[in-house]
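Comments concern the structure below.
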Amino acid sequence: MKVLHVIGARPNFMKAAPAISAISRRTALSQVVLHTGQHYDRNMSDIFFEQLGIPHPDINLGIGSGSHAVQTGQMMIAMEPVMLERRPDLVLVYGDINSTAAAALVCAKLGIPLGHVEAGLRSGDRSMPEEVNRLVTDQLADHHFTPSRDGDENLLKEGVDPQKIHFVGNLMIDTLVRQLEFARKPDLPAAQQRYLLVTLHRPSNVDEPQMLERIISTLEKLSEQLPVIFPIHPRTRARLANRNGALPKSQLHLVDPLGYLEFLALQRDATAVITDSGGIQEETTYLGIPCLTVRENTERPVTVTVGTNLLIGRDMDRLQSEVENILSGNGKAGSIPELWDGKAGERVAAILETLA
Ligand code: UD1
Numbered sequence: 004m005k006v007l008h009v010i011g012a013r014p015n016f017m018k019a020a021p022a023i024s025a026i027s028r029r030t031a032l033s034q035v036v037l038h039t040g041q042h043y044d045r046n047m048s049d050i051f052f053e054q055l056g057i058p059h060p061d062i063n064l065g066i067g068s069g070s071h072a073v074q075t076g077q078m079m080i081a082m083e084p085v086m087l088e089r090r091p092d093l094v095l096v097y098g099d100i101n102s103t104a105a106a107a108l109v110c111a112k113l114g115i116p117l118g119h120v121e122a123g124l125r126s127g128d129r130s131m132p133e134e135v136n137r138l139v140t141d142q143l144a145d146h147h148f149t150p151s152r153d154g155d156e157n158l159l160k161e162g163v164d165p166q167k168i169h170f171v172g173n174l175m176i177d178t179l180v181r182q183l184e185f186a187r188k189p190d191l192p193a194a195q196q197r198y199l200l201v202t203l204h205r206p207s208n209v210d211e212p213q214m215l216e217r218i219i220s221t222l223e224k225l226s227e228q229l230p231v232i233f234p235i236h237p238r239t240r241a242r243l244a245n246r247n248g249a250l251p252k253s254q255l256h257l258v259d260p261l262g263y264l265e266f267l268a269l270q271r272d273a274t275a276v277i278t279d280s281g282g283i284q285e286e287t288t289y290l291g292i293p294c295l296t297v298r299e300n301t302e303r304p305v306t307v308t309v310g311t312n313l314l315i316g317r318d319m320d321r322l323q324s325e326v327e328n329i330l331s332g333n334g335k336a337g338s339i340p341e342l343w344d345g346k347a348g349e350r351v352a353a354i355l356e357t358l359a
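At position 331 of the sequence shown (counting the first as 1) the number is 334 in my numbering, and the numbers step up by one without a gap.
Have a look at this one:
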């Protein structure tokens with residue numbers, strides 16, 4: 004059975020690495036890796052391939068940035084001839100990015116079986132582009148690999164055949180489990196003490212100048228108490244470049260996006276993490292680090308019900324008071340969700356073998 008993986012942006016790479024590695028050990032399965040090029044900067048893409056030992060993509064479509072329609076459409080146009088030429092028996096897609104939904108549409112129209120890793124997650128918020136991508140991909144997928152039981156429940160509610168739902172656990176956590184011993188902190192003096200770690204890139208937070216301003220001034224206030232390390236996504240950097248006035252004060256350390264191993268070490272040793280990312284809510288839960296999520300909802304509810312995550316919405320006073328709580332030793336404790344055990348990629352490969 005020939006499996007073709009479609010990956011495109013930073014959070015895909017950590018999810019695909021364990022599946023690629025597990026499939027490579029099974030003789031009934033062969034594989035091809037296609038990168039759409041959605042993320043193209045070295046520190047958003049290549050560095051992850053190197054650090055996670057993912058083979059160089061067999062195909063890179065080089066699509067890059069664009070509006071959602073342009074990006075998704077160009078991916079579909081470029082992907083169709085590749086699928087026709089390579090004729091995979093199954094395509095595996097990951098997560099909820101535009102590359103995921105583009106591949107799902109192409110496969111559905113060509114009649115190529117589709118497996119979705121990280122299926123079934125729902126924020127219930129269709130203003131998020133990722134939620135639209137999740138809905139489209141799950142409607143079209145033939146095999147749903149879910150990271151948590153809520154994923155199974157959501158799919159069942161939407162009428163997905165239970166036979167097609169496979170609760171395998173979290174592949175992103177497989178990568179974390181494998182790489183934790185190699186994690187190494189970047190050379191930042193602020194990272195030698197207690198610090199807050201921040202990432203923000205959601206359009207709802209960074210594309211609206213007033214919201215971005217409120218967040219940055221709150222982070223500036225927090226940085227008077229302890230250093231704040233903020234690796235900046237290119238989207239956020241572009242928005243900050245338009246900000247009136249000076250860049251934030253010195254205890255707010257704006258750094259370029261980091262490699263996987265460097266960011267993992269920063270999470271492991273952080274006093275708390277402030278984020279709007281999906282994956283980081285999960286990684287902090289696994290690591291037991293308090294996470295404050297600057298969103299009204301999450302498609303990853305186990306990080307709240309079981310893990311260390313708190314949804315603080317857009318309320319900056321709450322953000323400050325929750326940081327105070329954590330600093331006074333009252334951060335939220337949590338435990339590790341079911342099947343977040345480092346073996347999810349093996350479970351995916353074992354299921355694919357039964358289909359071969
Ligand atoms: C994408 C995913 C999001 C994921 C995020 C992780 C979708 C809809 N969103 O959002 O779910 O959490 O990746 O990073 O697919 N850019 C660069 N260099 C790059 C990549 C992007 O400069 O290597 C800039 C471009 O100006 C681009 C902007 O970042 O316009 C946004 O990139 P894009 O891939 O469209 O969406 P993300 O915000 O990264």
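For each residue, glycine too, the CB sits at the ideal point set by N, CA and C.
What residue range is occupied by the uninterrupted beta strand (DSSP E) comprising residue i?
i, result
"LYS5", "5-10"
"TYR97", "93-97"
"HIS38", "33-38"
"HIS256", "255-258"
"PHE170", "168-170"
"HIS147", "146-149"
"THR301", "Neither: THR301 is in no beta strand (DSSP E) and is coded neither H nor E."
May I ask which residues mark the beginning and end of the alpha helix (DSSP H) holding residue i?
i, result
"GLN284", "281-290"
"VAL276", "Careful: VAL276 lies outside any alpha helix (DSSP H), inside the beta strand (DSSP E) at 275-278."
"LEU138", "132-143"
"PRO234", "From DSSP, PRO234 is part of no alpha helix (DSSP H) but of the beta strand (DSSP E) over 231-234."
"GLY372", "There is simply no residue 372 to check, as the chain begins at 4 and stops at 359 in what is shown."
"ASN46", "Looking at the DSSP string, ASN46 is not in any alpha helix (DSSP H), and its letter there is neither H nor E."
Taking the beta carbon of residue i as the centre, do at least 16 other beta carbons fall within 10 Å, making it buried, or is it exposed?
i, result
"THR30", "exposed"
"VAL73", "exposed"
"PRO318", "According to the sequence as given, residue 318 is Asp; it is not Pro. Answer is exposed; the Cβ neighbour count stays below 16."
"GLY127", "exposed"
"GLN270", "buried"
"LEU200", "buried"
"GLU133", "buried"
"THR357", "exposed"
Thinking C-beta only, is residue j closer than 8 Å to residue i?
i, j, result
"GLY1", "LEU143", "A query on residue 1 cannot be resolved here, the shown segment of the chain reaching from 4 to 359 and no further."
"LEU183", "ALA347", "no"
"VAL9", "SER102", "yes"
"PRO234", "LEU264", "no"
"ILE232", "VAL209", "no"
"LYS188", "ASP272", "yes"
"ALA111", "ASN136", "no"
"ALA244", "LEU32", "no"
"THR360", "PRO21", "Because the chain is modelled from 4 through 359, residue 360 falls outside the range shown and cannot be assessed."
"ILE57", "PRO91", "no"
Out of the options, which has the shortest C-alpha to C-alpha gap to residue i?
i, options, result
"ASN328", "LEU225, ASP279, HIS256, ILE339", "LEU225"
"THR202", "LEU290, LEU267, LEU159", "LEU267"
"ARG240", "LEU215, LEU222, GLU223, GLU227", "LEU215"
"ILE26", "MET17, LEU7, ILE80, HIS42", "LEU7"
"ALA194", "MET131, HIS256, ALA122, SER220", "HIS256"
"ARG217", "THR357, HIS38, ARG321", "ARG321"
"VAL96", "ALA106, ARG89, LEU87", "ALA106"
"LEU124", "ARG238, THR306, HIS38, PRO206", "THR306"
"GLY172", "ALA352, ASP344, SER207, HIS147", "ASP344"
"TYR198", "GLN34, VAL326, MET47", "VAL326"
"PRO165", "HIS59, ASP145, LEU108, PRO150", "ASP145"
"GLY361", "VAL276, HIS42, GLN54", "A question about residue 361 goes unanswered here, because the residues of the chain that appear run from 4 up to 359."
"GLU341", "ILE315, PRO304, THR274, ILE23", "PRO304"
Handout entry: Inter-stretch contact (C-beta, 8 Å, three-pair minimum) for the segment 294-312 and the segment 332-342
Key = Touching, per the Cβ criterion.
Problem - Cβ contact check for the segment 273-281 and the segment 294-307: 3 or more pairs under 8 Å - result: Inter-segment contact for the segment 273-281 and the segment 294-307 is present: three or more beta-carbon pairs are separated by less than 8 Å.
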